[in-house]
Amino acid sequence: MPLSMTKVAFGASSFEDLHGWFKTRRDQARLTTRYLPKRHEEMIGGSVYWILKHQLIARSEILAFEESADGRTEIVISTKLIDVHPKAKRAHQGWRYLEEPEAPADLADGESAAMLPPSMAGELAKLGLV
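As numbered in my numbering, residues 1347 to 1476 make up the sequence shown, in order.
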């Protein structure tokens, strides 16, 4: 199975904000990072799992890694956002690898899942319980 990554949905204040950002894009979006991940070849076909309010809530497929004109790396992702069963995850800077056994399962069509209240998820993260 491909390797995935986690990334904070910076600038999104809600689940709807994140979905709205993806709806304004075409088939692909680009995320810029300073360095090419060492394990980038394993990540093609994996996903970026989005962290919002201390929970993994959705994912988007990683399509490619490309070098930008300024020497940074662009992570090319699909704009098809796939909702997942919320899973507690501490926020972090940049991105982190996510192995397949640790990734939350996708929600089935029509299925919804309750997220932990943001304050509770934050407190659990502070205590190191998530």
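Where a beta carbon is used, it is the ideal one built from N, C-alpha and C, also for glycine.
C-beta contact flag for P1450 and K1433 at 8 Å: Between P1450 and K1433, the C-beta spacing is below 8 Å.
Best match in G1391, A1404, W1367, G1440 for proximity to T1419 [C-alpha to C-alpha]: Considering only G1391, A1404, W1367, G1440, the residue with the shortest C-alpha distance to T1419 is G1440.
Anticipated Cβ contact below 8 Å, M1347 with Y1443, distance rounded: No, M1347 and Y1443 are not in contact; Cβ-Cβ is about 13 Å, not under 8 Å.
Counted within 10 angstroms of its Cβ, other Cβ atoms place Q1374 as buried (16 or more) or exposed: It counts as exposed.
I1403 to F1361 span [Cα, whole Å]: So the alpha carbons of these two residues sit roughly 8 Å apart.
Candidates K1399, P1383, G1392: closest to R1436 by CA position: Minimum Cα distance to R1436 is reached at K1399.
Same chain, Cβ closer than 8 Å to S1406, neighbours up to 5 away in sequence not counted: Excluding residues within five positions, the ones whose Cβ falls inside 8 Å are F1368, A1375, S1393, V1394, W1396, I1423, S1424, T1425, K1426, L1427, I1428.
Candidates G1366, G1357, G1391, of which the one nearest F1411 by Cα: Distance from the Cα of F1411 is smallest, within the candidate group G1366, G1357, G1391, for G1391.
C-beta contact flag for T1379 and I1421 at 8 Å: With contacts defined by Cβ atoms closer than 8 Å, T1379 and I1421 form a contacting pair.
Distance, V1430 Cα to K1353 Cα: Rounded to the nearest whole angstrom, the C-alpha separation of K1353 and V1430 is 14 Å.
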